[in-house]
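In my numbering, the protein residues as written are 2 to 228.
Ideal Cβ placement from N, Cα and C applies to all residues, glycine included.
Quantities reported herein were computed from a predicted structural model and do not represent experimental measurements.
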Amino acid sequence: MPSRKKTAMFASAFFTCICSFVIICVVLGTQNWMSSNVHFSGTSSNSTVSLTYGLFRGTCEQYVETRLKVSEITFQVTEKLNATKARSTITAIIVILVLSLLSSLLSSGFTCTNAVSNPYQTFLGPTGVYTWNSLCGIFTLLAMILFPVNIEENGLSVELARACFPTLQAHSSSEHTYGYSYWIMLATIFLNIASVIIIYSYDHARYSKKKEQERPIENAPKDVILF
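As structure tokens, then:
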């Protein structure tokens, strides 16, 4: 059976891993990744398309110059995108976040196992926890990088606006606001770091104690050596 200290430390890491898992589920399941106002100019009037969307679905509204709402559409993101870089990047982000979700789940399993037992295999111990938490953090960070690239470089919002309202004319400007579904991925990264720090603290303390017990006899007090 593990010591109380080990149980407490790994139980704390298990809690952070579970929180990370839940946050990634929220990230995948909500549509508040991006809010965009995309402006188009025409010969007779100007119009603005307001979009709010995530990785799977979203809504868009078209307004004319007087801010009069013309129409509103609910859409599936990938269905509105053609075989373009924007669609490929969205698919890549989804795959990466699924991998992050699996990594977080495995990390939760490893920390739970160590909280209630002493695994014989080295990889099932702190090494495995380090590995899966690191992968989860890396995957999440990669998703956070790819999404803005898709907005700025691939024109995701503009492409979605044109797909919703094909009669739009020349694109003039856009304003983008990242929503909570995007920013809470930072919490996942911090939770992964916290898990690693917790387990490292335990592992380092255990290693230091072991080295202390294995000190060479020449470091022992003289009276002990004489005895």
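C-beta atoms of I185 and V27 nearer than 8 Å: Position 184 of the sequence shown, counted from the first residue, corresponds to residue 185. Position 26 of the sequence shown, counted from the first residue, corresponds to residue 27. A contact, by the Cβ cut-off of 8 Å.
DSSP state of F41 mapped onto helix, strand, coil: If you number the sequence shown from 1, residue 41 lands on position 40. In the structure shown, the three-state DSSP call for F41 is strand.
For Y203 and T112, the rounded distance between their alpha carbons: Position 111 of the sequence shown holds residue 112. Position 202 of the sequence shown holds residue 203. So the two alpha carbons sit approximately 12 Å from each other.
Buried/exposed call for E176, threshold 16 Cβ in 10 Å: To locate residue 176, count along the sequence shown from 1; it is residue 175. Looking at its Cβ environment, which holds fewer than 16 other Cβ atoms inside 10 Å, E176 is exposed.
Nearest-angstrom Cα separation, counted from A188 out to E219: The residue given as residue 219 occupies position 218 in the sequence shown. The residue given as residue 188 occupies position 187 in the sequence shown. A caution first: E219 carries a pLDDT of 48, below 50, which makes its placement in the model unreliable, though a value can still be read off. Going by the C-alpha atoms only, they are around 49 Å apart.
Residue burial classification, L227 (beta-carbon count within 10 angstroms, cutoff 16): For the purposes of this step, residue 227 is taken as residue 226 along the sequence shown, with counting starting at 1. Residue confidence for L227 is low, a pLDDT of 44 falling below 50, so the modelled location carries little weight; the figure read from the coordinates is stated next. By the neighbour-count rule (16 or more Cβ atoms within 10 Å), L227 is not buried but exposed.
Through-space distance from S21 to F124, alpha-carbon basis: Your numbering for residue 124 matches position 123 in the sequence shown. Your numbering for residue 21 matches position 20 in the sequence shown. C-alpha of F124 to C-alpha of S21: approximately 21 Å in a straight line.
Straight-line gap, S104 to I152 (C-alpha atoms, nearest Å): Start at 1 with the first residue of the sequence shown, and residue 104 comes out as number 103. Start at 1 with the first residue of the sequence shown, and residue 152 comes out as number 151. Roughly 27 Å separates the two Cα atoms.
From A144, E160, N193 and A171, residue whose alpha carbon lies closest to that of Y183: Numbered from its first residue, the sequence shown carries residue 183 at position 182. Nearest of A144, E160, N193 and A171 to Y183, Cα basis: A144.
Rounded straight-line distance, which links the Cα of E62 to that of E73: Mapped onto the sequence shown, residue 73 falls at position 72. Mapped onto the sequence shown, residue 62 falls at position 61. So the alpha carbons of these two residues sit roughly 4 Å apart.
Contact with chain B by T31, beta-carbon distance below 8 Å: No chain B appears in this structure, which consists of one protein chain only.
Own chain residues within Cβ distance below 8 Å of F231, not counting five before or after: Nothing can be reported for residue 231: it is not among the residues displayed for the chain, which extend from 2 to 228.
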